[in-house]
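These protein sequences, in sequence, are chains A and B.
Heads up: the first sequence begins at 1 in full-length UniProt numbering, then just goes up one per residue.
Heads up: the second sequence begins at 1 in full-length UniProt numbering, then just goes up one per residue.
2 protein chains.
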Amino acid sequence: MAGEVNIKRLAQELNISIATVSKALNDSYEISLKTKNRVLSLAKELNYTPNPAASNLRSNKTKTIAVIVPNVANNFFSLAIKGIEEIARKYGHHVLIYQTHEDAEMEKSFTNSLLNGRVDGILTSVSSNEYNSDYYRDLVKKVPLVFFDRVYESLDAFKITTDDYQISFTATEHFIDCGCKSIAFLYGLGKLPAGRARLSGYQDALEAHGIEFRDELVLDYSEDEEVNFSNIKTLFKEYKPDALFSSIEEFIIPAYMACAELKFRIPEDVKILSFSNMSSAKLLNPSLTTITQPAFEIGNEAAKCLFKILNKRGVDDDKDIVLKSVLIKRASTGC
Amino acid sequence: MAGEVNIKRLAQELNISIATVSKALNDSYEISLKTKNRVLSLAKELNYTPNPAASNLRSNKTKTIAVIVPNVANNFFSLAIKGIEEIARKYGHHVLIYQTHEDAEMEKSFTNSLLNGRVDGILTSVSSNEYNSDYYRDLVKKVPLVFFDRVYESLDAFKITTDDYQISFTATEHFIDCGCKSIAFLYGLGKLPAGRARLSGYQDALEAHGIEFRDELVLDYSEDEEVNFSNIKTLFKEYKPDALFSSIEEFIIPAYMACAELKFRIPEDVKILSFSNMSSAKLLNPSLTTITQPAFEIGNEAAKCLFKILNKRGVDDDKDIVLKSVLIKRASTGC
DNA sequence: CTGTTAGCGCCTTCAA
DNA sequence: TTGAAGGCGCTAACAG
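Below you can see the structure in the form of structure tokens.
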């Protein structure tokens, strides 16, 4: 369509062979400086760019990586993608993005469509609705792949994650230090290690401080915002927790709405803390303490890891990289 | 790496020719049903998938489109991408995503890297920092391209936009109806039609209601959040506006912070209205009236438009599609 | 230093 | 109904 200009054409115009042109373009040591310059300047003049399909076919490299995420309309993932892109660009690679919408079937179908050499490698954050461990066990043998954030822990594969357990423990302790006695836990991603680690951190912190863990203070996430809203109201009415620890961002809004409806002031009547990368919400709500994951850095590390694999360097490194999340306490509330 | 299984292999195993296999796979009428079935079942058994690089090279089609946006970590664009992906998947296409970070040079460099047939078409939302009209005038001749949201109006090209002028007019009227006399305008995207249309809508609404337009009530956006914060405080102190109309989401936070610092209550002391696709912020802040653009639909329409072009259908349709934004008034404030 | 040649995997004439 | 052959644009042996 656009191009029309290929190495054959360059070769003809310069009266040299196709191979010479190719080598000149690839800066081969076999070619004289003079020829290189002639080729390069004509290439520039004619606006030559190599046909990627042809190079791909020949070299079995696509200069393309794929990113598979549940969703891009999400603060965490969009930042992670930014981190990935930065590295990809540095390596001159293109980035294909696929959204699974938490659908494990779609996840598999996207992934399978990438196994025929469309990409050099894959970065993936698995969907939360089904445990697909067997599938990925086979997959990692077929294609360079790095998991980030949402991983299958039992898998022998490259994984970039955060310290979900540790930061949850710390956050729960923070509440306890503030004098909270009855801390409810809003539970999400229960099928994934990340979600379960957050729960464990909470449980263990309670235990460490001699506070009894009560099952009825744990609320499971529902896809339906209305249900979450009503469940939180019920939770407030029946068990009167003095704090809410939300393990996923999606609980923040129903929690706030429930407080508003019940005329609870935050943080005077009830404290709220959430995992969240919603930067603006933090600023808008000085009463909300948040755990922020280093989303950008996770993307960055994951991509770096993938390129290490692709370049066959340092693959003997530790396969598990764990980054630190940050607990941001709201100064204005003193807690 | 993964594949190894190609039509040659299929042909050998079945003792037929490569050409026959190829035709069978493409469901050619020349091939007997029996042969087709043999080929297809073996293909399935061996998990055959065609090598994309080879098909691309042969057919000059990549089954890939590119999306170029300023940023994905943004409510509007991430939703738009979702809309684009939905359509792309329907057409069996893959989606490359590039972020310009509002850098016109990067925008050009990405775009240029796509002109050699790496993609079948491009969807783009231009960056705001430089007016690149000449560049795009040439570009649209070289590659199927659809602009969405951020466009160059003077260009004869496919464009999917929203009713920025109209909705700004309506929103300003809404303020006037609420009794506001001194409405400040927080101005962004001034180099782009969308931004200027928002300003015009505001100006014309004032005029239509006999309110004088005052230049000092218009505040330009700065990249520096702190500067915006301080400018808004100054604006409040010097001109005491009773309403703020923010033409971009990025002003919301400094505006809120300024109000907090000056102990202004929203909406009693000052009303705030903003263009925003920050769904959570709306719910968290019942006092904020918002203009929400149909981001998902814009992506959807843009992608549909591109595939129409690629399939050479309906190209004579109107090149300009304008979708409607929605003004969401906060019931709780009565304004 | 430069050129010739043989494919990468697929599709498409054209011939059988 | 099937097969043989050529070529998409590029690269990598191998010769000269």
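Where is the CB? At the ideal position from N, CA and C, for every residue including glycine.
These numbers come from a predicted model, not from an experiment.
C-beta neighbour in chain B for residue i, strict 8 Å
i               : result
Q99 of chain A  : yes
H93 of chain A  : no
V72 of chain A  : yes
A2 of chain A   : Caution applies to A2 of chain A, whose pLDDT of 37 falls short of 50 and renders its modelled position unreliable; the model cannot decide the point.
S154 of chain A : no
L145 of chain A : no
P241 of chain A : no
L96 of chain A  : yes
S274 of chain A : no
Candidates the options, of which the one nearest residue i by Cα
i               : options                           : result
G201 of chain B : B:Y165, B:M257 and B:E153         : B:Y165
N311 of chain A : A:D27, A:I167, A:D120 and A:L10   : A:D120
I321 of chain B : B:P241, B:T124, B:E301 and B:T292 : B:E301
E105 of chain A : A:N129, A:Y256 and A:V218         : A:N129
S246 of chain B : B:Y239, B:A157 and B:P254         : B:P254
D163 of chain A : A:Q12, A:S22, A:E212 and A:T292   : A:T292
Y221 of chain A : A:R196, A:Y187, A:P241 and A:A80  : A:Y187
N71 of chain B  : A:A260, A:K82 and A:A43           : A:K82
R150 of chain B : B:F158, B:E4 and B:S125           : B:S125
L289 of chain B : B:P193, B:A197, B:K329 and B:S22  : Looking at the sequence shown, residue 289 of chain B is not Leu but Thr. Of the candidates B:P193, B:A197, B:K329 and B:S22, the one whose C-alpha sits nearest the C-alpha of T289 of chain B is B:K329.
T35 of chain A  : A:I16, A:Y48, A:A53 and A:P50     : A:I16
F236 of chain B : B:E249, B:E250, B:G299 and B:E216 : B:E216
A80 of chain B  : A:F77, A:A73, A:I84 and A:A80     : A:A73
K304 of chain B : B:R9, B:D224 and B:I160           : B:I160
K191 of chain A : A:Y131, A:R137 and A:Y256         : A:Y131
R214 of chain A : A:K240, A:L323 and A:N228         : A:K240
E297 of chain B : B:F77, B:D242 and B:N37           : B:F77
A157 of chain B : B:L123, B:V218, B:S22 and B:N112  : B:L123
V326 of chain A : A:G299, A:L25, A:A295 and A:F264  : A:A295
L262 of chain A : A:E238, A:E250 and A:N75          : A:E238
D177 of chain B : B:T62, B:I31, B:V5 and B:A243     : B:A243
Continuous beta strand (DSSP E) stretch holding residue i: start and end
i               : result
K159 of chain B : F158 to T162
Q103 of chain B : Here residue 103 of chain B turns out to be Asp, not Gln, going by the sequence shown. Neither: D103 of chain B is in no beta strand (DSSP E) and is coded neither H nor E.
D220 of chain A : V218 to D220
S200 of chain A : Per DSSP, S200 of chain A belongs to no beta strand (DSSP E); it is in the alpha helix (DSSP H), P193 to A208.
I321 of chain A : D320 to L323
L310 of chain B : Taken as a continuous stretch (DSSP letters only), L310 of chain B belongs to no beta strand (DSSP E), being part of the alpha helix (DSSP H) at A295 to L310.
Alpha helix (DSSP H) segment containing residue i, residue limits
i                      : result
L327 of chain A        : Run containing L327 of chain A: none in the alpha helix (DSSP H); it sits in the beta strand (DSSP E), V326 to I328.
residue 338 of chain A : Any answer about residue 338 of chain A is impossible in this case: the structure gives chain A only from 1 up to 335.
A243 of chain B        : Taken as a continuous stretch (DSSP letters only), A243 of chain B belongs to no alpha helix (DSSP H), being part of the beta strand (DSSP E) at A243 to S246.
G83 of chain A         : N75 to K90
G121 of chain B        : No alpha helix (DSSP H) holds G121 of chain B; the beta strand (DSSP E) holding it covers G121 to T124.
Y239 of chain B        : E225 to Y239
V39 of chain A         : L33 to E45
V21 of chain B         : I18 to L25
V185 of chain A        : A small fix is needed here, since residue 185 of chain A is Phe in this sequence, not Val. Looking at the DSSP string, F185 of chain A is not in any alpha helix (DSSP H); the run it does join, the beta strand (DSSP E), is I183 to Y187.
I7 of chain B          : I7 to L14
K271 of chain A        : That residue, K271 of chain A, is in no alpha helix (DSSP H); its beta strand (DSSP E) goes K271 to F275.
Chain A within 8 Å of residue i, Cβ atoms only
i                      : result
I81 of chain B         : yes
V140 of chain B        : no
T290 of chain B        : no
residue 344 of chain B : Shown here, chain B extends from 1 to 335; a query on residue 344 of chain B therefore has no answer.
T35 of chain B         : no
E85 of chain B         : yes
N311 of chain B        : no
residue 354 of chain B : In the structure as shown, chain B begins at 1 and stops at 335. Residue 354 of chain B is therefore absent and cannot be evaluated.
S182 of chain B        : no
S78 of chain B         : yes
(request) Specify whether the segment 157 to 176 of chain A and the segment 192 to 206 of chain A touch according to this definition: at least 3 beta carbon pairs, one from each stretch, less than 8 Å apart. (result) yes
(request) With 7 Å as the C-beta to C-beta threshold (strictly closer), list the residues of the segment 109 to 123 of chain B near chain A in chain order. (result) L115, N116, G117 and R118
(request) Answer yes if the segment 265 to 274 of chain A comes into contact with the segment 80 to 95 of chain A, meaning at least three C-beta pairs across the two stretches below 8 Å, and no otherwise. (result) no
(message) Please identify, using Cβ separations under 9 Å, the residues of the segment 194 to 221 of chain B that lie next to chain A, in order along the chain.
(response) none
(message) Count Cβ pairs between the segment 178 to 185 of chain A and the segment 203 to 220 of chain A that sit closer than 8 Å; are there 3 or more?
(response) yes
(message) By the 8 Å beta-carbon criterion, what residues does the UniProt domain "HTH lacI-type" (5 to 59) of chain A contribute toward chain B?
(response) T49, P50, N51, P52, A53, A54, N56 and L57
(request) Would you check if there are 3 or more beta carbon pairs closer than 8 Å linking the segment 262 to 269 of chain A to the segment 127 to 147 of chain A? (result) no
(request) Report yes or no: do the segment 227 to 244 of chain A and the segment 58 to 76 of chain A share at least 3 C-beta pairs separated by less than 8 Å? (result) no
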